[in-house]
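Protein chains in written order, with the numbering used here: chain A, 1 to 262; chain B, 1001 to 1324.
Glycine residues also receive a C-beta, built at the ideal position from the N, C-alpha and C atoms.
Below: one structure, written as structure tokens.
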């Protein structure tokens, strides 16, 4: 069993509900976000294009952060979820540097000044300090709501299908852009999506094999058969942040060729 | 409405989209990591030079060089790293048998290397002291010599590992292309040795012993400085050719915001000046001490500048395929 997530970029409408749900679920301090939303608005010659990438810890199968941790505080469970034992973390921040996706955060006073700095902590924060304490001097990241997954499995629920066993961000997404399921099961909801829409991972060249996949319905419709690099190339067009030379360096061909292919 | 700009960024997490510098190990409290690594290199160089010199004869300066190298690790590197930790009182968790992370983590390995060096290096220094100044019988001296050899060998190996692990730890970071190369540990070790040679000359000047050795050390310094200059140039050329993010880091180093530190403090003061001064002193018949002192100071400034420059231009690739 290996839990994974598929994010449909075409469906994401940039509402930030997943970010808020994560904050509420884990009582996150003011300047810490486990789920991040990278949003672009490209305005080129009057044609506005929008591209949004929700990102979170990729729960890599070969996680550099786990290998880097000197105390085994960062470790990988059998179900593939990478978790941090805050009581073991010594705060060396090597994992923060080693994570090529920059998805780890070191908790310190600057990151946790209180929701209203200079004023008393809110009741929500006080409750969070009891229910989900964030230790200063340690590192944190998204854990696929591991407590919800475990809670659900103990009661015979199915993560990704039953809400009580599914990560908060997936439950909250009103556009149903997020799908959670078992990557090891070839017939699971996530694998079906990945196969059908030719899903892709971020920065596969690192060899980390992320458990977070992306799909985009816009590329070729439901029967999209576009090659993966062309699909990624299409996203680059959405981003419009790469020049012709850089594009050729990354994909080995011209931008115009990718447009024709896709 | 006519578009005002070709593109508009409204991202809230720019560091994930654009190539940006790492800050954890150089800004704010991260300065402690920089200083710790500088003292690590200086300690390694000084200790090893003293140790190698002591193979032939345990002279006063060789003894003091190993002592100073050991002290640089114990009094500076170790405490600075410790203070940097978010939870310093838990540092013991990185030690075996509490953790088996040394199998994969360079940081954990570094903790082991440093601890073994500090322990064995202490005994090596004690043995050397008694061999040099102790009133020993022939059999006692023989046994102590064997012990000194064994501890010296073990401490020397672990000193090299202590000096080199930081380079491996940094080169492991896949997201920072400028660091992600096997050349980095080599650069750190050779620069550390060159700086250690310089500090050892300072020890010779301070103790007034072994002045005849200065010329030998200086010739070695010249060789190492040339090798280091070529190595750094090769490193930069490789970075330029390797990847866009590494190229960006190299450009930042050569003509960006870090260029002042790189050209003035590292290249000019850290490499060129000591080299020129060592050539000048080679032709001087007497009173070269003031020039030597200037060269030693320049060397040490270069040691600080090297680690600062490399840590400062640790630029991440963006996590999206769109940029660099």
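{"Check": "CB of residue 93 of chain A within 9 Å of CB of residue 1024 of chain B, strictly", "Outcome": "yes"}
{"Check": "Alpha-carbon to alpha-carbon, residue 1138 of chain B and residue 1168 of chain B", "Outcome": "44 Å"}
{"Check": "Contact list for the region 6 to 17 of chain A against chain B, Cβ threshold 8 Å", "Outcome": "none"}
{"Check": "Residues in the region 1079 to 1092 of chain B having any Cβ partner in chain A nearer than 7 Å", "Outcome": "1085, 1086, 1087, 1090 and 1091"}
{"Check": "Contact between the region 1246 to 1261 of chain B and the region 1207 to 1219 of chain B (3+ Cβ pairs under 8 Å)", "Outcome": "no"}
{"Check": "DSSP three-state assignment for residue 1106 of chain B, whether helix, strand or coil", "Outcome": "helix"}
{"Check": "Residues of its chain near residue 1197 of chain B, where Cβ-Cβ distance is below 7 Å and the 5 sequence neighbours each way are ignored", "Outcome": "1045, 1049, 1217, 1220, 1221 and 1224"}
{"Check": "Residues bridged to residue 140 of chain A (per DSSP)", "Outcome": "A/105"}
{"Check": "Below-9 Å beta-carbon distance, residue 1138 of chain B vs any chain A residue", "Outcome": "no"}
{"Check": "Length of the line joining the Cα atoms of residue 52 of chain A and residue 13 of chain A", "Outcome": "8 Å"}
{"Check": "Under 9 Å between C-beta atoms of residue 1170 of chain B and residue 1184 of chain B", "Outcome": "yes"}
{"Check": "Per-residue DSSP class, three states only, for residue 74 of chain A", "Outcome": "strand"}
{"Check": "Cβ distance (whole Å) where residue 1245 of chain B is taken to contact residue 1315 of chain B below 8 Å", "Outcome": "5 Å"}
{"Check": "Assigned exposure category for residue 1318 of chain B - 16 Cβ within 10 Å defines buried", "Outcome": "buried"}
{"Check": "Pick from A/116, A/65, A/187 and A/173 that is closest to residue 8 of chain A, judged by C-alpha positions", "Outcome": "A/173"}
{"Check": "Residue span of the beta strand (DSSP E) that contains residue 214 of chain A, given as start and end", "Outcome": "212 to 215"}
{"Check": "Neighbour flag for residue 138 of chain A against chain B, beta carbons, 9 Å", "Outcome": "yes"}
{"Check": "Assumed close pair residue 3 of chain A, residue 149 of chain A - CB separation to whole angstroms, cut-off 8 Å", "Outcome": "7 Å"}
{"Check": "Closest by C-alpha distance to residue 26 of chain A, when choosing among A/70, A/158, A/131 and A/175", "Outcome": "A/131"}
{"Check": "Minimum Cβ-Cβ distance from residue 78 of chain A to chain B less than 9 Å", "Outcome": "no"}
{"Check": "Given 8 Å, three or more beta-carbon pairs between the region 51 to 71 of chain A and the region 28 to 40 of chain A", "Outcome": "yes"}
{"Check": "Stretch-stretch touch, CB-based, cutoff 8 Å, three pairs: the region 1107 to 1115 of chain B with the region 1124 to 1131 of chain B", "Outcome": "no"}
{"Check": "Bridge partner(s) assigned by DSSP for residue 159 of chain A", "Outcome": "A/162"}
{"Check": "Neighbour-count burial assignment, residue 1234 of chain B, 16 or more Cβ in a 10 Å radius", "Outcome": "exposed"}
{"Check": "Residue nearest to residue 1215 of chain B in terms of C-alpha spacing, selected from B/1032, B/1117, B/1102 and B/1281", "Outcome": "B/1281"}
{"Check": "Under the three-state DSSP convention, the category residue 150 of chain A falls into", "Outcome": "helix"}
{"Check": "Residues, ordered as in the chain, of the region 1030 to 1056 of chain B that lie near chain A by beta-carbon distance below 9 Å", "Outcome": "1030 and 1033"}
{"Check": "7 Å Cβ cut-off: residues of chain A touching residue 1108 of chain B", "Outcome": "70"}
{"Check": "CA nearest to the CA of residue 1166 of chain B, picked from B/1085, B/1189 and B/1320", "Outcome": "B/1189"}
{"Check": "C-alpha gap between residue 81 of chain A and residue 1089 of chain B, whole angstroms", "Outcome": "28 Å"}
{"Check": "Counted within 10 angstroms of its Cβ, other Cβ atoms place residue 1140 of chain B as buried (16 or more) or exposed", "Outcome": "exposed"}
{"Check": "Residue 1307 of chain B to residue 96 of chain A span [Cα, whole Å]", "Outcome": "19 Å"}
{"Check": "In DSSP terms, what residue 1021 of chain B is bridged to", "Outcome": "B/1315"}
{"Check": "Stretch pair the region 1098 to 1105 of chain B + the region 1025 to 1041 of chain B: three plus CB contacts closer than 8 Å", "Outcome": "no"}
{"Check": "DSSP three-state assignment for residue 33 of chain A, whether helix, strand or coil", "Outcome": "coil"}
{"Check": "Nearest residue (CA-CA) to residue 88 of chain A, options B/1085, B/1086, B/1027 and B/1093", "Outcome": "B/1093"}
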